[in-house]
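Residue numbering for the sequence shown follows the numbering used here, starting at 2 and increasing by one per position.
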Amino acid sequence: MSRSWQEELRRSPKSIEDLERFLVLTDSERSALLQLSLKGGLPFQVTEHFLKQINPNDPNDPLRQQIVPRETEFIPFDLERRDPLGEEDHEAVPHLIHRYPDRVLLLVTDRCASYCRFCTRKRWVGQGPTPNLEDFQNALTYIRSNPAIKEVIFSGGDALLLSDRRLLELIRAVRSIPSVEIIRLATRMLAFAPQRIEDSLLQELKAYQPIYFLTHFNHVNELPLETQEAILRLVDNGFPVLNQTVLLKDINDSFQALSELFRKLTYLRARPYYLHQCDLAPGTESFRVPFQRALELLEQLRGHISGLCLPTFVIDVPGGFGKVPIVPNSIVETLPDRIRLKGFRGNEADYPSR
């Protein structure tokens, strides 16, 4: 792959005219792009690498639906929230979200290589202000003064949108805090510009281990050879890879789509970590899978793919109250001395409860 990740970003389509060089647009897509240019908000941008994985003539392509806006994005839904995870209420100091006792989220940039239309931070991502290194001094002081904080998650935006120099300076500053044990780097760059995973960066990062990479893949089509090679570079260099997937209507809400993705990731030694129900960000109603359908999918996956391949299905409780795991109920009946359990094939048997 000869093009650098910086060049990949510079060449990214950002307008209707740019996009029409790659895709045959529908009226709904063209109308939505025009509305975006007038209304503002979460911008449109997508890398050529990602576009090359999309069928140019199929408006229902699973990658295309994630990135190209449609008119449904502008239809309000009464339960949606500007800040669905209550991050502003949990902002301890600027750019630092402290929702859980032992870990914090450091919003290192508002920029991404491409902008997913279901983004939970649509209120801020791609719109600024983009923080500078000096803007994190209060955050570093806060982490240093709270030794219960054991993990710092670099997010945004995309942590790997920072240059090597800025990323390493910030990692060095966090790693100098004795109480911090784990650093996580949240990124979608492996899907959008996998050439970002450079050997030179990995060699620098080795000095600050343990560092975990949190990737984001929603469909197996996001894993062409270049991306697979980037994942393997990470794990071969000692960086664990945990993947987060968002359950998306008409994109990956089938046994086949999810099982193919989770098996492929596991084969590449990237752990399927979380499967998220889509957050209640504005304009995301068309992406949300009905809850009962989500449970049916979990039932289908359980027992039919290896436990190594099966992520935890979670809903992030609106308002910032944290993730809760959702599992199908395997208890058919509870009696005074036993419970009746149902296996993944539907067989039932009793088990003593005392």
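We treat Cβ as the ideally placed atom computed from N, Cα and C, and that holds for glycine.
Excluding five sequence positions before and after glutamine 229, the CB atoms of its chain that fall closer than 7 Å to its own CB belong to Leu269, given in chain order. If you draw a 10 Å sphere on the C-beta of glutamate 223, you find 16 or more other C-beta atoms in it, and that means buried.
Using a Cβ distance threshold of 8 Å, glutamine 245 and histidine 277 count as a contacting pair. Assigned with DSSP and collapsed to three states, isoleucine 172 falls in helix. Less than 8 Å divides the Cβ of leucine 249 from the Cβ of cysteine 279. Judged by DSSP in its simplified three-state form, phenylalanine 193 adopts helix. Judged by beta-carbon spacing, valine 247 lies beyond the 8 Å limit of arginine 272, meaning their Cβ atoms are not closer than that value. Two segments are said to touch when three or more pairs of C-beta atoms, one from each, lie closer than 8 Å; by this definition the segment 113 to 128 touches the segment 158 to 172. For asparagine 253, the number of other beta carbons within 10 angstroms of its own is at least 16, and it is reported as buried.
Straight through space, the alpha carbons of glycine 321 and proline 85 are spaced by roughly 7 Å. In the DSSP assignment, glutamine 138 falls within the alpha helix (DSSP H) that extends over 138 to 145. Of the residues Arg189, Ile332, Asp351, Leu202, the one whose Cα lies closest to the Cα of tyrosine 116 is Arg189. By a beta-carbon distance limit of 8 Å, proline 211 contacts isoleucine 183. Their separation comes to about 6 Å. Taking C-beta atoms as the reference points, phenylalanine 218 and leucine 266 count as a pair closer than 8 Å. Under the 10 Å beta carbon count, alanine 114 is surrounded by 16 or more other beta carbons and is classified as buried.
Fully contained in the segment 99 to 168 are the following beta strand (DSSP E) runs of length 3 or more, in chain order: 104 to 108, 152 to 156. For threonine 216, the secondary structure class from DSSP, reduced to helix, strand or coil, is strand.
In the DSSP annotation of this structure, arginine 264 is not part of any beta strand (DSSP E); the continuous alpha helix (DSSP H) holding it starts and ends at 256 to 268. Residue pairing by DSSP places alanine 271 opposite Val242 in a beta bridge.
Under DSSP, alanine 187 shares a beta bridge with Leu215. Just so you know, the alpha carbons of phenylalanine 193 and serine 177 end up roughly 31 Å apart.
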